[in-house]
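> Structure in structure tokens, see below.
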Amino acid sequence: MARNELLPTPSPTPSPSRPTKTSLFFDYAANGSYTVPQVLDLLKKYQSHPAYYTHQGRPLVSTFEGLSSHSDWLTIISKTSCFFIPDWSSISPAEAANHTVIDGLFNWGAWPEGSREINTTLDRAFLSALQWKAYMKPVSPWFYTNMPARRTGSGGVIPSGGLDGISAFRRGKAPFNYARDVPHDGWRTFLPFYVEMYKRSGNAIGTGSGIPEVSPDDEEVVVWYRRERDGSGCKDGGTTENAPAQGQREYPAAETVQDRVFYSALLEREADVEVSIGGVRLMGNWSRVPDGGRGVYTGSVKVDGDGEVKVQVKRDDKVVASVKGESITSDCAGDNGLKNFNARVGTSDLSRLTSTSAWLMVWGLLLGLASMDLMS
1 MARNELLPTP
11 SPTPSPSRPT
21 KTSLFFDYAA
31 NGSYTVPQVL
41 DLLKKYQSHP
51 AYYTHQGRPL
61 VSTFEGLSSH
71 SDWLTIISKT
81 SCFFIPDWSS
91 ISPAEAANHT
101 VIDGLFNWGA
111 WPEGSREINT
121 TLDRAFLSAL
131 QWKAYMKPVS
141 PWFYTNMPAR
151 RTGSGGVIPS
161 GGLDGISAFR
171 RGKAPFNYAR
181 DVPHDGWRTF
191 LPFYVEMYKR
201 SGNAIGTGSG
211 IPEVSPDDEE
221 VVVWYRRERD
231 GSGCKDGGTT
241 ENAPAQGQRE
251 YPAAETVQDR
261 VFYSALLERE
271 ADVEVSIGGV
281 RLMGNWSRVP
291 DGGRGVYTGS
301 VKVDGDGEVK
311 VQVKRDDKVV
321 ASVKGESITS
331 DCAGDNGLKN
341 FNARVGTSDL
351 SRLTSTSAWL
361 MVWGLLLGLA
371 SMDLMS
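So the sequence shown is numbered by UniProt numbering: it starts at 1 and just counts up by one.
Set out below in structure tokens:
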């Protein structure tokens with residue numbers, strides 16, 4: 001949160017049905033730097049709450065930038081015993097790791113550049129620089145906002161219900177409701193598997209080794225795509241990737257997003273994938289296959305026409321998992337003639353998306369020690 005932003009008063013006890021954990025991330029870039037008393041006041045208010053996340057018994061705290069205030073944390077840590085793991089991505093991992101006040105570092109680089117696939121090069125640079133200290137790896141979803149009145153502000157979490165009446169769309173002067181009918185819940189489907197696999201990687205968070213077991217009942221497929229393709233004649237609304245004001249290279253939307261239907265499947269062993277758009281069958285394939293055959297398979301097909309999207313995963317001519325999604329269309333009249341760059345996400349089993357798995361998305365990142373082996 002940025003300096004002087006209002007925060008909710010913490011409730012006396014967390015909900016037992018939703019074991020959510022949270023922590024404070026201080027944004028030093030949006031409204032200027034925090035003072036030591038401001039940080040201390042907020043930490044003292046929240047850190048003892050049962051829902052506050054701790055690491056090694058210490059309340060975890062992070063930042064967005066704030067490098068010039070690094071010496072403040074000597075005082076803050078001495079008074080709160082917080083586990084300090086800032087994001088100082090404005091300098092190199094090696095430079096940031098040289099600051100002795102840190103317990104680790106948070107990497108802000110969660111997004112690919114343009115149409116290039118993201119890789120683990122930056123993660124490995126952090127791990128090498130930090131050695132035995134903690135590294136917090138970011139995991140970003142695909143999301144889109146269009147609020148001309150808030151170009152310099154940051155986005156927020158939009159609830160799933162009552163979107164037509166949400167004041168944020170009016171205050172931000174959004175040209176259309178880009179969050180309506182674009183569920184992202186399906187991206188949580190494989191989180192339990194990913195977390196268990198991470199815990200087995202031999203780091204301090206968990207013990208054991210190997211890939212988690214996948215039973216036939218666990219096999220699912222997740223599908224995501226944009227509803228309006230580039231050839232639809234819909235306008236992009238000036239949408240770009242990245243923010244030059246934050247030192248990032250800006251890309252036109254057409255260079256970043258792709259007219260493709262993407263799919264991932266959690267499988268016990270190899271299977272085939274079939275895709276159809278508007279009744280036209282397309283050649284499905286896997287671009288990423290897990291070692292040993294058990295795990296998450298990923299692939300995509302190019303979109304060349306309109307119509308209903310169907311994805312089926314088959315093994316021995318038997319359907320293992322399938323998704324039938326909303327039609328891809330050239331009609332964007334309902335969105336003021338604009339493309340909606342939000343992805344529509346479907347999953348073969350929504351029943352898995354319970355509060356038990358949902359709490360894992362609270363942070364959207366994984367905390368591990370620098371000795372962890374990254375999987376490329």
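Glycine residues also receive a C-beta, built at the ideal position from the N, C-alpha and C atoms.
All values derive from a computational prediction rather than experimental measurement.
Cα separation between P175 and G346?
Going by the C-alpha atoms only, they are around 25 Å apart.
> Excluding the 5 residues flanking K79 on each side, which residues of the same chain have their C-beta closer than 7 Å to its C-beta?
These residues qualify, in order along the chain: L40.
> Grouping DSSP H, G and I as helix and E and B as strand, with all else coil, what is Q312?
Residue state, collapsed to three classes: strand.
> Check the DSSP bridge columns for E274 and list the partner residues they point to.
Paired residue(s): Q312.
> Is it buried or exposed for P86, if we count other Cβ within 10 angstroms and need 16 for buried?
By the 10 Å Cβ count, P86 comes out buried.
> Could you tell me which residues DSSP puts in a beta bridge with F193?
Answer is none; F193 lacks a bridge partner.
> Within the same chain, show all residues whose beta-carbon is closer than 7 Å to that of E5, passing over the 5 residues directly before and after it, in chain order.
Closer than 7 Å at the Cβ level, and outside the excluded window around E5, lies no residue.
> Drop a sphere of 10 angstroms on the beta-carbon of K318, count the other beta-carbons inside from all chains shown, and report buried for 16 or more, exposed for fewer.
That one is exposed.
> By Cβ distance, which residues of its chain are closer than 7 Å to W142, with the 5 residues on each side in sequence left out?
Excluding residues within five positions, the ones whose Cβ falls inside 7 Å are A343.
> Quick one: give me the first and last residue of the beta strand (DSSP E) that L60 is part of.
That run of the beta strand (DSSP E) goes R58 to F64.
> How is the alpha helix (DSSP H) around P37 delimited, first residue to last?
Looking at the DSSP string, the run of the alpha helix (DSSP H) that includes P37 is V36 to Y46.
> To which residues of the same chain is P59 closer than 6 Å at the C-beta, ignoring the five residues directly before and after it?
Within the same chain, P59 has close Cβ partners Q47, Y52 and C82.
> Reducing DSSP to helix, strand and coil, say where G208 ends up.
Any answer about G208 is weak, because its pLDDT of 43 lies below 50 and its placement is not dependable; what the coordinates show is given next. Three-state result, G208: coil.
> Is there contact here, the stretch 265 to 279 with the stretch 207 to 227, by at least three beta-carbon pairs under 8 Å?
The stretch 265 to 279, when compared against the stretch 207 to 227, does touch it at the 8 Å Cβ threshold.
> For T20, name the three-state secondary structure that DSSP assigns.
If DSSP states are grouped into helix, strand and coil, T20 belongs with coil.
> By DSSP, does L74 sit in helix, in strand, or in coil?
Three-state result, L74: helix.
> Roughly how many angstroms lie between the CA atoms of L288 and S71, to the nearest whole one?
The sequence shown places Arg at residue 288, rather than the Leu named in the question. Approximately 45 Å between the Cα atoms of the pair.
> Going by DSSP, what residue range makes up the beta strand (DSSP E) through T347?
R344 to T347 is the span of the beta strand (DSSP E), which, as asked, contains T347.
> Which same chain residues end up closer than 6 Å to G186 when comparing Cβ atoms and leaving out the 5 residues on each side of it in sequence?
V222, V345, G346 and T347.
> Mapping DSSP to helix, strand and coil, what is A97?
Of the three classes helix, strand and coil, the one that applies to A97 here is helix, per DSSP.
> Measure the C-alpha to C-alpha separation of G233 and V320 and round it to an integer number of angstroms.
Looking at the two C-alpha atoms, the distance is approximately 37 Å.
> Who pairs with A321 in a beta bridge, going by DSSP?
Note: A321 sits in a beta bridge opposite V313.
> Give the straight-line distance between the Cα atoms of D331 and V182, rounded to the nearest whole angstrom.
Those two C-alpha atoms are separated by around 16 Å.
> By Cβ distance below 8 Å, which residues in the same chain neighbour P93 in space, the five residues on each side in sequence not counted?
L105, N107, L122, A125, F126, S128, A129 and L130.
> For P252, which of A29, F341 and E65 has the nearest alpha-carbon?
Ranking A29, F341 and E65 by Cα distance to P252 puts F341 first.
> Looking only at C-alpha atoms, which of D272, G295 and T63 sits nearest to V195?
Answer by Cα proximity: G295.
> What is the rounded straight-line gap between the Cα of G334 and the Cα of Q248?
Looking at the two C-alpha atoms, the distance is approximately 33 Å.
> State the start and end residues of the unbroken alpha helix (DSSP H) segment that holds T329.
Where T329 is concerned, there is no enclosing alpha helix (DSSP H), given that its DSSP letter is neither H nor E.
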